[in-house]
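Asker:
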Amino acid sequence: MKKLIALICIFVLSISCTQEPDGPRVHLELVPVETVVLPTTFTANTVNEIEVTYSRPSSCHGFEGFYYTKDVNTRTIAILNYVIEEQGCLPLLNQLQTQILRFKPATAGTYLLKFWKGKDAAGVNLYEEFSVVVQ
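Heads up, the sequence shown is in my numbering, so the first residue is 489 and it goes up one at a time.
#1: Measure how close the beta-carbons of K567 and V519 come, nearest whole angstrom, since I'm counting them as under 8 Å.
#2: Strictly under 8 Å for the Cβ-Cβ distance: is R563 near chain D by that measure?
#3: Hey, could you find the ends of the beta strand (DSSP E) S543 is sitting in?
#4: Compare the C-alpha of A594 against each of T531, V540 and E573 and name the closest.
#5: Does the beta-carbon of L578 have 16 or more other beta-carbons within 10 angstroms, so that it is buried, or is it exposed?
#6: For G606 and N613, I'd like the C-alpha separation in whole angstroms.
#7: What did DSSP end up calling N582 once you bin it into helix, strand or coil?
Okay, here's the thing in structure tokens:
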């Protein structure tokens with residue numbers, strides 16, 4: 489009986505140990521929007537494409553998606569990058585990337601689109617804001 493309990497304890501201890509995952513570590517990071525190109529008209533219940541351009545900071549940054557929040561008719565939008573944490577990342581200069589934001593407003597009305605431009609010296613978020621009419 490003691491041998492059986494000892495074997496069970498050894499088995500449980502061996503499978504409960506956690507190991508470091510293989511491969512590089514990755515984290516997410518917001519990247520400031522450089523420019524925004526809006527369509528001339530917006531239509532409710534239709535996908536409206538908005539071109540959003542940002543500067544890719546390093547060779548270890550890649551597009552993950554959009555940070556996107558809703559508050560009634562206000563939308564706050566930022567670029568979300570994954571960052572591979574490894575040595576050998578090279579800084580990139582003027583490496584502009586354009587992504588398409590698919591905006592599908594449910595109702596007609598005026599929407600405020602706030603695109604995150606980074607932070608000022610005091611750490612306050614900066615936005616480029618567009619008021620758009622959805623028909």
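Cβ coordinates follow ideal geometry from the N, Cα and C atoms, glycine included. Treat the numbers as computed from the prediction; the structure is a model and nothing was measured.
Answerer: In brief:
#1: The question names Lys, but residue 567 in the sequence shown is Ile. That belief holds up - the Cβ atoms of I567 and V519 are roughly 4 Å apart, short of 8 Å.
#2: Protein chains in the displayed structure number just one, and chain D is not present.
#3: N536 to S543 is the extent of the beta strand (DSSP E) around S543.
#4: For A594, the nearest C-alpha among the options comes from T531.
#5: Sixteen is the threshold: since fewer than 16 other Cβ atoms of the shown chains lie within 10 Å of the Cβ of L578, the residue is exposed.
#6: G606 and N613: Cα-Cα distance of roughly 6 Å.
#7: Under the three-state reduction of DSSP output, N582 falls in the coil class, being neither helix nor strand.
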